[in-house]
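In this text, residue positions in the sequence shown follow my numbering: the first is 222, and each later residue adds one.
By construction, the Cβ of each residue, glycine as well, lies at the ideal position given by its N, Cα and C atoms.
Quick caveat: nothing in here was measured; it's all calculated off a predicted structure.
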Amino acid sequence: MNKQNNINEPSNELGLIHIYTGTGKGKTTAAIGLAARALGGELKVCYCSFHKHPQKYGYTEMESLKKLGAHVINFAKHHPHMDENVTDETIDAIKKEVSKAIDTLTTLLSKEQFDLLIMDEIFISIRDNYLDEEILLDFIKNKPANTELVLTGRGATEKTMSLAHYITNMECVKHPYYNNTPSRKGIEY
């Protein structure tokens with residue numbers, strides 16, 4: 222990958238860093254919206270999700286992005302908060318898969334040019350100690366200079382936010398989940 226120079230200097234070219242974080246709904250939705258806009262603008266998009274199991278839980282946005290022409294990859298499908306039968310071996314496997322994901326993305330970006338890379342729920346990997354923050358910081362600092370990068374998930378860290386050009390903190394003011402309304406296909410997933 223090409224080392225990005227002057228990572229914090231705004232540019233009219235692609236290559237800026239976006240963070241969607243916070244406790245509110247809409248982080249993935251915002252990233253998907255940006256991906257749809259980029260695809261409509263004939264940009265090449267790679268969408269990578271972490272800790273989402275599309276076959277088990279649906280996650281219809283992945284199919285939509287594929288139909289629109291995005292390159293879609295799903296890493297570390299499991300997460301202890303979503304799976305009942307989690308063992309220490311499962312947790313170790315998740316850590317290995319997240320680490321391998323960074324290697325896979327590094328290799329992919331060295332071989333293929335993407336205008337937009339989305340790492341959906343990557344901050345869950347940091348928050349829950351599946352990925353060392355320094356590995357993510359190194360990835361960000363060494364991404365191709367002309368690849369726009371979007372990072373999502375609760376708990377963005379100060380170090381990652383210091384590298385970003387856009388930071389949106391989603392705040393939950395009201396949500397039907399708290400009135401026992403289950404997640405709905407096509408709306409929440």
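In angstroms, rounded to a whole number, what distance separates the CA positions of V336 and G243?
As a first step, residue 336 is located in the sequence shown; it is residue number 115 there, counting from the start. As a first step, residue 243 is located in the sequence shown; it is residue number 22 there, counting from the start. Per the sequence presented here, residue 336 reads as Asp, with Val not at that position. For D336 and G243, the distance between alpha carbons rounds to 25 Å.
From which residue to which residue does the beta strand (DSSP E) around I339 run?
Within the sequence shown, numbered from 1, the residue matching residue 339 stands at position 118. That run of the beta strand (DSSP E) goes L337 to D341.
Can you look up V293 in the DSSP assignment and give me helix, strand or coil?
As a working mapping, residue 293 is identified with position 72 in the sequence shown. DSSP places V293 in strand when its eight states are reduced to three.
Buried versus exposed call for E369 [16 or more other C-beta atoms within 10 Å across all chains shown]:
As a first step, residue 369 must be located in the sequence shown, where it is residue number 148. Its Cβ being crowded by 16 or more others within 10 Å, E369 is buried.
Selection from D313, I408, C393 and T327 that minimises the alpha carbon distance to S346:
Position 125 of the sequence shown holds residue 346. Looking at the Cα atoms, D313 is the closest of the given residues.
Reference L329; option with closest CA among V266, K273, T381 and G290
Residue 329 sits at position 108 when you count from the first residue of the sequence shown. The residue with the shortest Cα to Cα distance from L329 is V266.
What would DSSP say about Q225, mapped onto helix, strand or coil?
Locating residue 225 in the sequence shown gives position 4, counting from the first residue. Confidence is the limiting factor: at Q225 the pLDDT is only 47, short of 50, which leaves the residue's position unreliable, though a coordinate-based value still follows. Three-state result, Q225: coil.
Does the Cβ of H272 have 16 or more other Cβ atoms within 10 Å, making it buried, or fewer, making it exposed?
For the purposes of this step, residue 272 is identified with residue 51 of the sequence shown, where counting begins at 1. Buried.
How far does the beta strand (DSSP E) with L358 in it reach, from first residue to last?
Counting from one through the sequence shown, the residue named residue 358 turns up at place 137. No beta strand (DSSP E) holds L358; the alpha helix (DSSP H) holding it covers E354 to K362.
Alpha carbon of A377 to alpha carbon of K317, nearest angstrom
The sequence position of residue 377 within the sequence shown is 156, counting from 1. The sequence position of residue 317 within the sequence shown is 96, counting from 1. Straight-line Cα distance between these residues: approximately 21 Å.
The beta strand (DSSP E) enclosing S270, as first and last residue numbers
Locating residue 270 in the sequence shown gives position 49, counting from the first residue. Run containing S270: V266 to F271, per the beta strand (DSSP E) assignment.
Straight-line CA distance for L237 to A251?
Here the question's residue 237 lines up with position 16 in the sequence shown. Here the question's residue 251 lines up with position 30 in the sequence shown. Their backbone Cα atoms lie some 16 Å apart in a straight line.
Name the two residues that bound the continuous beta strand (DSSP E) containing E369.
Here the question's residue 369 lines up with position 148 in the sequence shown. Start and end: E369 to T373.
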